[in-house]
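Here's the structure, in structure tokens; my notes come after.
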């Protein structure tokens, strides 16, 4: 049967009722044959930070999905080795991933499991839909199968290597061993959609990010014919999986099952009305998703998944963000090398928010990231010494944050302050620098949200954090150069006239106010990364919860905070710790 090509240029192909859907971010669903590691946390954190950033704008909404992939031969084999039932194993290990999310303050909307009843129903519904459309057929297949990856690889993706004195075949993508197998199962007509996917990618060059991943996938599609995909496994070999509808001799291929979780979480097919061969995404439904994945599963998400959706007539994802791996001492973390980092232990010692901040600050999706506890310690020390120390300095007994904010409110945010600085500065040689720093700081504070928004929405977290550090560093520099404590001492000594004393007090309040505004605005902006630490500082400043969003990220946007901010009852928000031995 000849399949009609989809007309991807047709604007009605993926019609929506409305554009009022939440921003939908997903992590991969994590395979439960082993304990969680820092790579799992990294995927969760990228998605969590992006979702929280979206929610920083009160006019927007967001939805985050994470969960566990619980079917397949690897889990069946692991359960057999442990002498337990597969369901018992997946229940236990799935909870480990929930614990990771809970401990690291990952704020998901649903934790999905592929053993969930609604997901099983969606997988079988989707299978039947593909059968009805004629995209699935039964046949015999021979090829290089990887048990670890649970997929067949084409000959072009196979290479020989020597391991333990023996020559074996491996996948050039994942470096896992493959064996040649022949079996009868069902196939999906992947090849029929290759031209459509190429066309779609060419028309949507930002669909896969970063760009070198996009170019890799497009080049592979252009140069290598897609074989039809085996989408089932014999029940004689695979017991632990979802039954193929109307054929108990076969189980649904784990990846065909797993990828559908992104739809299950949207309630599909409920609410998705059919119009001809297309499904219409309902109003306020989170679909389409922005997928956050690791580079080792790019083929499944950037070739198979879009094609499944095309075949069904479902709107394609907004974007697939492909991040790289974390390396320890230059190597990918693995049990065999003994360099796996336990994120639970790490956060228990260094603190949840410092770990979140370090991973975000070094989140380079283009290339592999370097991990070491020394780098984590340095990042944490910078938070203590620059971010947290600034609130401790202006929150000391010599200053009054509430009075500084009140004066800004009463005096029109310190109009004419440059003249006061020029006239009453105790260090004339610093006048120009103080005025310049105060002006630049205010400008950068006012621009910070816009600049960080552009970076965060593009998943360029490193540069977003650089914008944040810029205002923190400038405020610290201003405080150090302006030396407001000198004016406090001069007032206390009572060797100045009334007019000078008033001017000194205004100058002190002005410098404290700019630093307080830096702490307020920077803490609002860093909430998606460090939700607990930022809340501690905003609580100390007595910033009301309804004023902790993007509408209050400019100088003077909130002039009703600061009460009791200088109370001696406050403790440092973050204490120093020694590097673990």
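Residue numbers (UniProt numbering): 1 to 581.
From the three backbone atoms N, C-alpha and C, an ideal C-beta is built for every residue, glycine too.
Note that the structure is a prediction, hence the values are computed from the model and not measured.
Residue i, DSSP secondary structure in three states
i: residue 569; result: coil
i: residue 65; result: strand
i: residue 180; result: strand
i: residue 374; result: helix
i: residue 278; result: strand
i: residue 58; result: coil
i: residue 321; result: strand
i: residue 575; result: coil
i: residue 137; result: strand
i: residue 7; result: Annotation note: pLDDT 41 at residue 7 (below 50); position unreliable, coordinate value reported separately. Coil, per DSSP.
i: residue 49; result: helix
i: residue 142; result: strand
i: residue 294; result: strand
i: residue 229; result: strand
i: residue 269; result: coil
i: residue 528; result: coil
i: residue 393; result: helix
i: residue 453; result: helix
i: residue 244; result: strand
i: residue 423; result: helix
i: residue 171; result: strand
i: residue 546; result: helix
i: residue 484; result: helix
i: residue 114; result: coil
Beta carbon of residue i nearer than 8 Å to that of residue j
i: residue 148; j: residue 224; result: no
i: residue 514; j: residue 401; result: no
i: residue 373; j: residue 462; result: no
i: residue 112; j: residue 89; result: no
i: residue 211; j: residue 235; result: no
i: residue 254; j: residue 136; result: no
i: residue 28; j: residue 43; result: yes
i: residue 201; j: residue 218; result: yes
i: residue 264; j: residue 118; result: yes
i: residue 471; j: residue 518; result: yes
i: residue 103; j: residue 347; result: yes
i: residue 146; j: residue 177; result: yes
i: residue 259; j: residue 308; result: yes
i: residue 262; j: residue 26; result: yes
i: residue 468; j: residue 394; result: no
i: residue 437; j: residue 377; result: no
i: residue 325; j: residue 295; result: yes
i: residue 557; j: residue 551; result: yes
i: residue 574; j: residue 343; result: no
Residue burial classification, residue i (beta-carbon count within 10 angstroms, cutoff 16)
i: residue 40; result: buried
i: residue 11; result: Interpretation of residue 11 is limited by its pLDDT of 35, a score under 50 that renders its predicted location unreliable; no figure is taken from the coordinates.
i: residue 434; result: buried
i: residue 445; result: buried
i: residue 184; result: exposed
i: residue 410; result: exposed
i: residue 569; result: exposed
i: residue 168; result: exposed
i: residue 115; result: buried
i: residue 407; result: buried
i: residue 79; result: buried
i: residue 66; result: buried
i: residue 142; result: exposed
i: residue 345; result: exposed
i: residue 154; result: exposed
i: residue 566; result: buried
i: residue 572; result: exposed
i: residue 246; result: exposed
i: residue 363; result: buried
i: residue 538; result: buried
i: residue 276; result: exposed
i: residue 439; result: exposed
i: residue 359; result: buried
Integer-rounded CB distance, given that residue j should sit under 8 Å from residue i
i: residue 320; j: residue 399; result: About 49 Å; that fails the 8 Å criterion.
i: residue 228; j: residue 191; result: 6 Å
i: residue 21; j: residue 286; result: 6 Å
i: residue 487; j: residue 504; result: 4 Å
i: residue 71; j: residue 257; result: 6 Å
i: residue 327; j: residue 368; result: 5 Å
8 Å Cβ cutoff, residue i in contact with chain C
i: residue 84; result: Checking the listed chains, one finds no chain C in this structure; it contains a single protein chain.
Touch check for the segment 375-391 and the segment 542-560: three-plus C-beta pairs under 8 Å?
no
Taking 8 Å as the cut-off, does the segment 235-243 touch the segment 190-204 (at least 3 CB pairs, one atom from each stretch)?
no
Given 8 Å as the limit, is there contact between the segment 277-289 and the segment 306-317, that is, 3 or more CB pairs closer than that?
yes
Would the segment 518-538 count as touching the segment 419-426 if we require 3 or more Cβ pairs under 8 Å?
no
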